[in-house]
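A.B. asks: As given, the protein sequences belong to chains A and B, one line each in that order.
The first sequence begins at 1 in UniProt numbering and counts up by one.
The second sequence begins at 1 in UniProt numbering and counts up by one.
Beta carbons are placed, not taken as given, at the ideal position from N, Cα and C, and that holds for glycine.
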Amino acid sequence: MELDSLYQEVILDHYKYPQHKGLSPVFTAQVHHVNTSCGDEITLNLILEGNQISSLTWDGQGCSISQASVSMMSELLIGKTLDQASLISTNFSDLMSSKGTSSGDSLILEDAVAFAGVSKFPGRIKCALLGWMAFKDAAIQAQTD
Amino acid sequence: MLFSPEQIRKDFPIFERTVRGGKKLVYLDNGATSQKPNSVLEAETNFYKLHNAAAHRGAHQLAEEATQAYEGAREIVAEFLNAPGGSEEIVFTKSATEALNLMAYAMGNAHPGNRFHLGPQDRIVVTEMEHHSNLVPWQQLCDRTGAELAWFEVTPHGRLDLSAIDSVITPNTKVVSLTHQSNVLGTINPLEEIVRRAHEVGALVILDACQSAPHMKIDLAQLGVDFLAFSGHKALGPTGIGVLWGRKNLLEDLPPFLFGGSMIEMVTMRTATWAPVPQKFEAGVPNMAQAVGLGAAIEYLSSVGMDIVNNHERTLTEYLLQKLNSVDDLSIVGPNDSEARGSAVSFTVNQIHPHDLGQYLDSQGIAVRTGQHCAWPLAKRMGVPASTRASLYLYNNEADCDALFNGILGAQKYFGSF
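#1: So, are the CB atoms of B:Asp219 and B:His180 less than 9 Å apart?
#2: Answer yes or no: do A:Val82 and A:Leu44 have a C-beta to C-beta separation smaller than 9 Å?
#3: Among B:Arg381, B:Gln372, B:Thr315, which one has its Cα closest to the Cα of B:Ser4?
#4: Rounded C-beta distance between A:Met96 and A:Val70? I'm assuming under 8 Å.
#5: Just checking my contact of A:Leu76 with A:Ala128 at CB under 8 Å: how many whole Å lie between their CB atoms?
#6: Round the Cβ separation of B:Gly295 and B:Gly72 to the nearest angstrom and send it over; I've been treating them as touching at under 8 Å.
#7: Any C-beta of chain A within less than 8 Å: which residues of the segment 357-385 of chain B qualify?
#8: Can you look up B:Phe116 in the DSSP assignment and give me helix, strand or coil?
#9: What residues in the segment 16-44 of chain A have a beta carbon less than 7 Å from any beta carbon of chain B?
#10: Would you identify the three-state DSSP class for B:Arg196, choosing helix, strand or coil?
#11: Would you decide whether B:Glu252 is buried or exposed? Buried here means 16 or more other CB atoms lie within 10 Å of its CB.
#12: Would A:Leu6 count as contacting chain B if we go by Cβ distances under 9 Å?
#13: Could you check which residue in A:Ile53, A:Ser106, A:Ser37 has the C-alpha nearest to that of A:Lys136?
#14: Thinking just about the alpha-carbon of each residue, which of A:Gln84, A:Asp94, A:Asn35 is nearest to the one in residue 176 of chain A?
#15: Along the segment 56-88 of chain A, where does the CB come closer than 7 Å to a CB of chain B? Name the residues.
#16: Note down, one range per segment and in chain order, each beta strand (DSSP E) of at least 3 residues found wholly within the segment 84-115 of chain A.
#17: How would you label B:Gln256, buried or exposed, when you count the other beta carbons within 10 angstroms and need 16 or more for buried?
#18: Going by Cα to Cα distance, which pick from B:Thr145, B:Val384, B:Ala150 is closest to B:Leu135?
#19: Can you look up B:Lys23 in the DSSP assignment and give me helix, strand or coil?
#20: Can you find the residues in the same chain that come closer than 6 Å, C-beta to C-beta, to B:Asn101, ignoring five residues on each side of it along the sequence?
#21: Quick one, which of A:Phe121, A:Asp13, A:Gln61 has its alpha-carbon nearest A:Leu3's?
#22: I need the straight-line Cα distance from B:Ala106 to B:Trp245, nearest angstrom please.
#23: Please classify B:Ala55: is it buried, with 16 or more other beta-carbons within 10 angstroms of its beta-carbon, or exposed?
#24: Does the separation of the CB atoms of B:Ala399 and B:His355 fall below 9 Å?
#25: Against chain A, does B:His355 count as a neighbour if the rule is that its beta carbon must be under 9 Å from one of theirs?
#26: Taking the alpha-carbon positions, what's the A:Ala114 to A:Ile65 distance?
#27: With a CB to CB cut of under 7 Å and the five nearest residues on each side skipped, what residues in its chain are close to B:Thr67?
#28: Whose C-beta lies closer than 6 Å to the C-beta of B:Met266 among residues of the same chain, with five residues either side of it excluded?
#29: Which same chain residues, not among the five before or five after B:Pro84, have their C-beta less than 7 Å away from its C-beta?
#30: Go through the segment 82-114 of chain B residue by residue and report every complete run of the beta strand (DSSP E) that reaches 3 residues or more, in order.
#31: When you compare the CB positions of B:Gly242 and B:Phe227, do they come within less than 9 Å of one another, or not?
#32: Quick check on the DSSP output: what are the complete beta strand (DSSP E) runs of length 3 or more inside the segment 134-168 of chain B, in order along the chain?
#33: Are the C-beta of A:Leu129 and some C-beta of chain B separated by less than 9 Å?
#34: Whole angstroms are fine: how far does the CA of B:Phe152 sit from the CA of B:Val176?
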């Protein structure tokens, strides 16, 4: 069924077993983002060492899509430079606006290509992007501080 | 003829379509907006086809017909609400949100000496279960005038806590603005006690009737409130039309909110005086076709009978509650019985997030609302950041409730246990 393209197993897995959930006691930047339409929220802690993301931890509540997306994003971005992270983030945003026409670049997005199906559900794109928007914001803050 | 939701449904063309790949539409999102019967669609279309002109303007036949149609709708609304002062007490707005904002802005325009004038010594009372549209305008008015905002709290069972009514509605209270029926909990609030106390201290009562007027007989001669707002689109009518009712003497004292054409009496380069009520509050060419559509909606509801609509919804709500209560791990947010409650029923289902539940139900053709329902403070108070809401209307039946029940069981299976 159509619904299965949205709820890929890897997404539900991350929802059940979230990665890097639990905020680090220290951080370079901390941001709090909410999805005003449904009340989902995420707090994200970013630690930079030079230009490299050494830690990305989060806490939050929300639907499977928003929570799995931030979980997978943390896995994907830890260890990357800010430039690499920006490229991945742009790639993910492009996938979300593809209206179901793209299956995603697995070399860049790895498991996060599982979110390709979300782009067919306009009401859920914001859910998938919640964590990524928070990261963008944190990266800007970390560089300006 | 016996009331039959299946018969009613035949008047609503939307039920002829299917959703999500051929699924029958199970529409349970009436708290957000209702579907429209053919008579409403035809009334709106016929206005444009046959009578379109700017009401209250123009020296021609069409302008006359447009005015008659628009003013005719006002009379229908007045009769529907049993407005003691008749149709002069009915103000058309674009929505209930605008009606409530009109109240708040108009009060903000009142000069010292006007009974509506507010200052730091005054208090405005709301409740914790208000929709944002009956909370934020008052917060903002308090911000502009220095008045103090106070509110009734909500009990864990989803009822207003009136135990401290005298210390909430204090002698310096000017306005008590509250919902008749919660859009989240379904709770119907006890107006008598609140109106008595408010009037005892000289405060005016504004009622948000968005969730009640479409579903029960409103008798303004009995209710005791001073102002009332509701929206057309939740009552089978078009979007873009709302109603503000106010007692005539109060509307006369209330300063206008929007200024422009139609609402004036005389204008010079420096000054203006206002048209009599209700025109004083209707600047600009109004949403005529929508008002006419609302008139047709009310005629439709009245032809069925509001008591019959209400009885049907009460019986069906009881059935829905009974079905929902038989689901493992489901909790009702709000009153769990049909006593003093309407047909909006919110709930949570174990670890399935409402957004995911709503998505699954949608895949089965079932339309519900999920989230915080434009009532963040209430969601926080009830300890549920988000919930799923099913809300019924006259065209819903037991089969719709059964579909929801089966849909929830399906979702539990689909998402497994977390």
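C.D. replies: Working from what's here:
#1: Working through the second sequence from its first residue, we reach residue 219 of chain B at position 219. Working through the second sequence from its first residue, we reach residue 180 of chain B at position 180. No, these two residues do not count as a Cβ contact at 9 Å.
#2: Translated into the one-based positions of the first sequence, residue 82 of chain A becomes position 82. Translated into the one-based positions of the first sequence, residue 44 of chain A becomes position 44. Note that residue 82 of chain A corresponds to Leu in the displayed sequence, not to Val. No, they are not a contact pair.
#3: The residue you call residue 4 of chain B lines up with position 4 of the second sequence. Nearest of B:Arg381, B:Gln372, B:Thr315 to B:Ser4, Cα basis: B:Thr315.
#4: Within the first sequence, the letter at position 96 stands for residue 96 of chain A. Within the first sequence, the letter at position 70 stands for residue 70 of chain A. Not really, about 14 Å apart at Cβ, beyond 8 Å.
#5: The residue given as residue 76 of chain A occupies position 76 in the first sequence. The residue given as residue 128 of chain A occupies position 128 in the first sequence. 13 Å between Cβ atoms; not a contact.
#6: As a working note, residue 295 of chain B is residue 295 in the second sequence. As a working note, residue 72 of chain B is residue 72 in the second sequence. Yes, B:Gly295 and B:Gly72 are in contact; Cβ-Cβ is about 6 Å, under 8 Å.
#7: Gln359, Tyr360, Ser363, Thr370, Gly371, Gln372, Trp376, Ala379, Pro385
#8: Numbered from 1 along the second sequence, position 116 holds the residue referred to as residue 116 of chain B. In the structure shown, B:Phe116 sits in coil (DSSP, three-state: anything other than H, G, I, E or B).
#9: Lys16, Ser37, Cys38, Gly39
#10: One-based indexing of the second sequence puts residue 196 of chain B at position 196. Helix, per DSSP.
#11: The residue given as residue 252 of chain B occupies position 252 in the second sequence. B:Glu252 should be labelled exposed.
#12: Position 6 of the first sequence, counting from 1, holds the residue named residue 6 of chain A. It does: the Cβ of A:Leu6 has a partner Cβ on chain B nearer than 9 Å.
#13: Translated into the one-based positions of the first sequence, residue 136 of chain A becomes position 136. For A:Lys136, the nearest C-alpha among the options comes from A:Ile53.
#14: Given a span of 1 to 145 for chain A in the structure shown, any question on residue 176 of chain A remains unanswerable.
#15: Gln61, Gly62, Cys63, Ser64
#16: none
#17: As a first step, residue 256 of chain B must be located in the second sequence, where it is residue number 256. It is worth fixing the name first, because residue 256 of chain B is Pro in this sequence and not Gln. B:Pro256 is buried by the Cβ-count criterion.
#18: Translated into the one-based positions of the second sequence, residue 135 of chain B becomes position 135. If we check each option's Cα against that of B:Leu135, B:Ala150 comes out closest.
#19: To locate residue 23 of chain B, count along the second sequence from 1; it is residue 23. In the structure shown, B:Lys23 sits in a strand (DSSP, three-state: E or B).
#20: Numbered from 1 along the second sequence, position 101 holds the residue referred to as residue 101 of chain B. Same-chain partners within the cutoff: Pro137.
#21: Residue 3 of chain A sits at position 3 when you count from the first residue of the first sequence. That would be A:Phe121, whose Cα lies nearest to the Cα of A:Leu3.
#22: Counting from 1 along the second sequence, the entry for residue 106 of chain B is found at position 106. Counting from 1 along the second sequence, the entry for residue 245 of chain B is found at position 245. Rounded to the nearest angstrom, the two C-alpha atoms are 14 Å apart.
#23: Indexing the second sequence from 1 puts residue 55 of chain B at position 55. With 16 or more Cβ atoms within 10 Å of its Cβ, B:Ala55 is classed as buried.
#24: Within the second sequence, numbered from 1, the residue matching residue 399 of chain B stands at position 399. Within the second sequence, numbered from 1, the residue matching residue 355 of chain B stands at position 355. The answer is no: Cβ separation not under 9 Å.
#25: Indexing the second sequence from 1 puts residue 355 of chain B at position 355. Chain A contact via Cβ: present.
#26: On the first sequence, position 114 is the one that residue 114 of chain A refers to. On the first sequence, position 65 is the one that residue 65 of chain A refers to. Answer to the nearest angstrom: the Cα atoms are 11 Å apart.
#27: Against the second sequence, residue 67 of chain B aligns to sequence position 67. Excluding positions up to five away in sequence, the list reads Ala55, His56.
#28: The residue labelled residue 266 of chain B in the question sits at position 266 within the second sequence. So the qualifying residues of the chain are Thr273.
#29: If you number the second sequence from 1, residue 84 of chain B lands on position 84. The answer, listed in chain order, is Leu220, Ala221.
#30: 90-93
#31: Along the second sequence, read from residue 1 onward, the residue named residue 242 of chain B stands at position 242. Along the second sequence, read from residue 1 onward, the residue named residue 227 of chain B stands at position 227. Going by C-beta atoms, B:Gly242 is not nearer than 9 Å to B:Phe227.
#32: 148-152
#33: For the purposes of this step, residue 129 of chain A is taken as the residue at position 129 of the first sequence. Chain B, which has no Cβ nearer than 9 Å to the Cβ of A:Leu129, makes this no.
#34: As a position in the second sequence, residue 176 of chain B is number 176, starting the count at 1. As a position in the second sequence, residue 152 of chain B is number 152, starting the count at 1. Spanning the two alpha carbons is a distance of roughly 10 Å.
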